[in-house]
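Going by our numbering, the sequence shown opens with residue 134, and the numbers climb by one from there.
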Amino acid sequence: GRQPDIADSFEAYAPVNIALCKYWGKRNAVLNLPVNDSLSISLGNKGTTTRLTRLPGAEKDKVFLNGKPVDGESAFCRKVVAHIDLFRPLGSGALRVETRNDVATGAGLASSASGFAALTKALVGLYGLTLSNEELSIIARLGSGSASRSIYSGFAHWHRGVRPDGMDSFASSLDVIWPELRVGVLTLAESEKPTGSREGMQRTVDSAILYNSWPEQADRDIRRLEHAITVRDFTLLGSTAEQNAMAMHATMLASWPPLLYWQPESVEVLQKVWQVRQDGVQVFATMDAGPNVKVLFESNSEPEMRSVFQSMDVIAPFS
Ligand code: 2P0
């Protein structure tokens with residue numbers, strides 16, 4: 134029967150995040166337990182808002198993405214329903230799920246991270262549960278690994294954990310603000326993603342000998358990033374993030390069959406970033422499982438960056 138503490142409706146928001154040290158490879162694919170720690174910056178007011186509303190008497194959840202109904206058989210819908218199923222024993226019955234992304238899906242900003250973080254917060258709110266951020270992070274992780282980091286604004290560090298049950302694999306906030314930090318998103322002409330990151334990281338783990346060096350790379354980069362953030366060393370932050378991204382993509386290219394998310398335009402943008410840096414602007418690039426390039430710089434470089442990259446979307450994570 135209906136429990137009195139379940140609300141009729143609840144809405145929650147979570148930001149997208151960009152990893153400065155990437156999550157690439159799982160030690161457990163069911164629980165989304167990673168091989169390595171990762172560290173990200175959340176993008177403030179760019180994210181996902183999800184409203185849950187109970188549907189008394191209905192048999193199935195109804196899922197809407199940006200106002201449009203989502204096919205119940207789609208992978209997206211199945212993952213959402215599976216996440217709600219984690220809570221269903223508490224008694225909500227079927228739900229209407231209305232989810233909205235601030236950035237176009239395909240803009241190269243991971244919507245699964247903000248999506249599962251927002252869904253987790255909305256479920257916990259609907260049920261009137263009081264959970265710690267670490268508990269929220271663990272539950273979000275079950276939907277999508279990178280969602281563990283989108284529970285927080287600002288910098289988040291996802292600890293890989295060592296336990297087989299994953300109860301020590303959650304993100305925590307670094308609790309530092311860096312108001313001058315800027316993230317630029319350079320969205321390239323859209324093209325279908327050939328291989329999802331879930332499949333891509335598994336292929337890398339299974340086939341790339343080069344992947345053997347990845348845990349060491351990630352450990353070093355996590356330490357450098359934490360130091361850079363503590364002492365506010367932007368050059369160390371940016372250079373570590375760029376090298377980490379390039380190393381991750383190198384492991385993909387060393388997989389079989391090879392995995393390359395880059396398009397010719399991605400290389401053009403990277404070379405432009407390197408040129409601008411050569412000319413004295415402190416700017417660094419990062420890339421995820423898609424062709425878009427994201428750049429890191431500080432507010433003093435913003436006018437120059439805007440004039441060089443005119444179609445760039447600039448985000449101030451701490452504003
Ligand atoms: C990251 N990526 O750290 C890395 C960098 C893509 C490249 O996290 O299978 O969608 O749901 O746990 O979280 C994308 O992977 O994968 C990702 P699942 P997820 O941002």
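Backbone N, C-alpha and C define an ideal beta-carbon position, used for all residues, glycine too. Quick caveat, the model's predicted, so the values are computed rather than measured.
- One Cα belongs to residue 373, the other to residue 428, and the distance between them is close to 13 Å.
- DSSP places residue 356 within a helical segment (H, G or I) once states are collapsed to three.
- Here residue 234 is bridged, per DSSP, to 181.
- Here residue 301 has 292, 294, 295 as same chain residues with Cβ atoms under 8 Å from its own Cβ, once five neighbours each way along the sequence are excluded.
- Between residue 173 and residue 152, the gap from beta carbon to beta carbon is short of 7 Å.
- In the structure shown, the three-state DSSP call for residue 427 is strand.
- Of 352, 140, 379, the smallest CA-CA separation from residue 224 is found for 140.
- Put simply, of 138, 163, 146, 171 the residue whose alpha carbon is nearest the alpha carbon of residue 352 is 171.
- At a cut-off of 6 Å, the beta-carbon of residue 165 counts as near the ligand 2P0: some heavy atom of the ligand is closer than that.
- Look at residue 146 here: in three-state DSSP terms it is strand.
- The way I'd put it, the segment 338 to 355 doesn't touch the segment 208 to 225; fewer than three beta-carbon pairs between them come closer than 8 Å.
- Shown here for residue 271: same chain residues with a beta carbon closer than 8 Å to its own, the five before and five after excluded, namely 281, 299, 300, 302, 303 in chain order.
- In this structure, residue 438 sits near residue 430, with a CB-CB distance shorter than 7 Å.
- Residue pairing by DSSP puts residue 154 in a beta bridge opposite 172.
- Residue 230 holds the alpha-carbon nearest to the alpha-carbon of residue 195 among 411, 366, 331, 230.
- By the beta-carbon neighbour count (other beta carbons within 10 angstroms, threshold 16), residue 356 is exposed.
- Shortest Cα-Cα distance from residue 371 to any of 264, 419, 283, 448 involves 419.
- Using a 10 angstroms sphere on the CB of residue 201, the tally of other CB atoms stays under 16, which defines it as exposed.
- Straight-line measurement puts the Cα of residue 254 at about 16 Å from the Cα of residue 187.
- Taking 6 Å as the cut-off, one finds at least one heavy atom of the ligand 2P0 near enough to the beta carbon of residue 155.
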